[in-house]
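First residue of the sequence shown? That's 123 in the numbering used here, and the numbers climb one at a time after it. Have a look at the structure below, then the notes.
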Amino acid sequence: MKISNDLYLRASRGEKIERYPVWLMRQAGRILPEYRAVRASVSGFKELAETPELAAEVTVQPVDILGVDAAIIFSDILVVPDAMGLPYQMIEKKGPWFEHTIHSESDLKRLDIKIDVAERLSYVLEAISITKRELNGRVPLIGFAGAPWTILCYMVEGSGSKTFSETRKLLYTNPKLAHELLQRITDVTIIYLKAQLKHGADALQLFDSWAGILGHKQYQEFGMKYIQQIVNAIEGPFTVFSKGAYSALPALMDLACTTIGLDWNMNIEHARSLAGEKKTLQGNLDPCVLYGSESAIEKETLQLLHSFKSQRHIVNLGHGVYPDIKPENVKAFIKTVKNYEI
Numbered sequence: 123m124k125i126s127n128d129l130y131l132r133a134s135r136g137e138k139i140e141r142y143p144v145w146l147m148r149q150a151g152r153i154l155p156e157y158r159a160v161r162a163s164v165s166g167f168k169e170l171a172e173t174p175e176l177a178a179e180v181t182v183q184p185v186d187i188l189g190v191d192a193a194i195i196f197s198d199i200l201v202v203p204d205a206m207g208l209p210y211q212m213i214e215k216k217g218p219w220f221e222h223t224i225h226s227e228s229d230l231k232r233l234d235i236k237i238d239v240a241e242r243l244s245y246v247l248e249a250i251s252i253t254k255r256e257l258n259g260r261v262p263l264i265g266f267a268g269a270p271w272t273i274l275c276y277m278v279e280g281s282g283s284k285t286f287s288e289t290r291k292l293l294y295t296n297p298k299l300a301h302e303l304l305q306r307i308t309d310v311t312i313i314y315l316k317a318q319l320k321h322g323a324d325a326l327q328l329f330d331s332w333a334g335i336l337g338h339k340q341y342q343e344f345g346m347k348y349i350q351q352i353v354n355a356i357e358g359p360f361t362v363f364s365k366g367a368y369s370a371l372p373a374l375m376d377l378a379c380t381t382i383g384l385d386w387n388m389n390i391e392h393a394r395s396l397a398g399e400k401k402t403l404q405g406n407l408d409p410c411v412l413y414g415s416e417s418a419i420e421k422e423t424l425q426l427l428h429s430f431k432s433q434r435h436i437v438n439l440g441h442g443v444y445p446d447i448k449p450e451n452v453k454a455f456i457k458t459v460k461n462y463e464i
């Protein structure tokens, strides 16, 4: 199906664009009253994510209400360990929680071997198929997964953490186990992402949310090594977003993906000097800018746009939009981008 607004895809591939495309990480929900109404109709986040029709509905909402240039499927990065045999719960106001964690070789027995990824994650794939029909070629649909390092953090720690000290301890006390688990996650993720493309995703993004907690050498060994495997296995528009991985930027630019996501602490001019015209950059407005007045949002957004020095840019925040930001402020951000002439 031909996509009428393909700005996101053209920018990803480095083709000519009339204006910069714009979307927001975590746009599928959180800030919208319409999302909250759907969320209130089910028991919680997991039921919503595992109900394809509802997941598709909240995926399309930002396209209809905010006017973004791409949709991203409503799901969670933790569906991968869930499919591997390590189920999680989403605790209200606390976040994800795993009853069982991986700390030793014997714990690996908790994970299933040779799983049918498409069957276990059929609810995500069905949501993608439904969403594609509902979008009807208006904008591209982005699929995603968590990077192996970030997934390992949750599987070892059991929840979010300020330090992820248990996970980082594993790298020193049992690096062999860490690599074994990372490879298993990588293998499942590749199959999962390929299935998303097969079911209609037009582009993909890999989220390495906890990349910044590792030093440079460790991130090369326990992070980049596995991201590279995934990127090399996937064709088409692909964004790698490694939050906080400042020292890894040169290596990230050498990946065989189309786009590198930048968090709000990363300098665009430095990133562009590394990327040249071989990579599209995505980001990187500080999400907290959207707490400001409409005039302040316009000013900061224009300042961001003036800094690009290339058509190879997709406008986004430097992280996910925060749930208490007003939809009107998000609309002001999007309007400013759409009115900006390249």
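Glycine included, each C-beta is placed from N, C-alpha and C at the ideal position. Being a predicted model, the structure only gives us computed values, none of them experimental.
Residue i, buried or exposed, once every other Cβ within 10 Å from all chains shown has been counted against 16
{"i": "residue 364", "result": "buried"}
{"i": "residue 165", "result": "exposed"}
{"i": "residue 235", "result": "exposed"}
{"i": "residue 405", "result": "buried"}
{"i": "residue 219", "result": "exposed"}
{"i": "residue 262", "result": "buried"}
{"i": "residue 210", "result": "buried"}
{"i": "residue 255", "result": "exposed"}
{"i": "residue 441", "result": "buried"}
{"i": "residue 321", "result": "buried"}
{"i": "residue 279", "result": "buried"}
{"i": "residue 330", "result": "buried"}
{"i": "residue 133", "result": "buried"}
Three-state secondary structure assigned by DSSP to residue i
{"i": "residue 332", "result": "coil"}
{"i": "residue 327", "result": "strand"}
{"i": "residue 139", "result": "coil"}
{"i": "residue 261", "result": "coil"}
{"i": "residue 220", "result": "strand"}
{"i": "residue 483", "result": "Absent from the model: residue 483. The displayed extent of the chain is 123 to 464, so no value can be given."}
{"i": "residue 173", "result": "coil"}
{"i": "residue 252", "result": "helix"}
{"i": "residue 164", "result": "coil"}
{"i": "residue 150", "result": "coil"}
{"i": "residue 273", "result": "helix"}
{"i": "residue 267", "result": "strand"}
Opening and closing residue of the alpha helix (DSSP H) in which residue i lies
{"i": "residue 308", "result": "297-320"}
{"i": "residue 380", "result": "Here residue 380 belongs to no alpha helix (DSSP H), and DSSP marks it neither H nor E."}
{"i": "residue 340", "result": "338-341"}
{"i": "residue 395", "result": "390-397"}
{"i": "residue 160", "result": "155-161"}
{"i": "residue 362", "result": "Careful: residue 362 lies outside any alpha helix (DSSP H), inside the beta strand (DSSP E) at 360-364."}
{"i": "residue 231", "result": "No alpha helix (DSSP H) holds residue 231; DSSP gives it neither H nor E."}
{"i": "residue 347", "result": "347-355"}
{"i": "residue 373", "result": "371-375"}
Residue range of the unbroken beta strand (DSSP E) whose run includes residue i
{"i": "residue 437", "result": "435-439"}
{"i": "residue 407", "result": "402-407"}
{"i": "residue 285", "result": "Premise fails: residue 285 is in no beta strand (DSSP E) and is neither H nor E."}
Cα-Cα separation between residue i and residue j, rounded to whole angstroms
{"i": "residue 296", "j": "residue 268", "result": "22 Å"}
{"i": "residue 286", "j": "residue 216", "result": "16 Å"}
{"i": "residue 353", "j": "residue 311", "result": "11 Å"}
{"i": "residue 434", "j": "residue 317", "result": "27 Å"}
{"i": "residue 253", "j": "residue 247", "result": "10 Å"}
{"i": "residue 124", "j": "residue 259", "result": "6 Å"}
{"i": "residue 386", "j": "residue 439", "result": "7 Å"}
{"i": "residue 198", "j": "residue 273", "result": "11 Å"}
{"i": "residue 159", "j": "residue 445", "result": "14 Å"}
{"i": "residue 400", "j": "residue 373", "result": "13 Å"}
{"i": "residue 348", "j": "residue 155", "result": "38 Å"}
{"i": "residue 212", "j": "residue 299", "result": "26 Å"}
{"i": "residue 409", "j": "residue 302", "result": "36 Å"}
{"i": "residue 423", "j": "residue 250", "result": "31 Å"}
{"i": "residue 163", "j": "residue 169", "result": "10 Å"}
{"i": "residue 173", "j": "residue 421", "result": "40 Å"}
{"i": "residue 380", "j": "residue 397", "result": "11 Å"}
{"i": "residue 414", "j": "residue 451", "result": "8 Å"}
{"i": "residue 376", "j": "residue 238", "result": "32 Å"}
{"i": "residue 153", "j": "residue 180", "result": "11 Å"}
{"i": "residue 407", "j": "residue 228", "result": "44 Å"}
{"i": "residue 222", "j": "residue 282", "result": "14 Å"}
{"i": "residue 138", "j": "residue 403", "result": "15 Å"}
{"i": "residue 319", "j": "residue 357", "result": "9 Å"}
{"i": "residue 307", "j": "residue 332", "result": "16 Å"}
{"i": "residue 195", "j": "residue 161", "result": "15 Å"}
{"i": "residue 426", "j": "residue 141", "result": "14 Å"}
Beta strand (DSSP E) segments (min. 3 residues) lying fully within the segment 181-211: none
4-residue-minimum alpha helix (DSSP H) runs that sit fully inside the segment 411-455, ordered along the chain: 416-428
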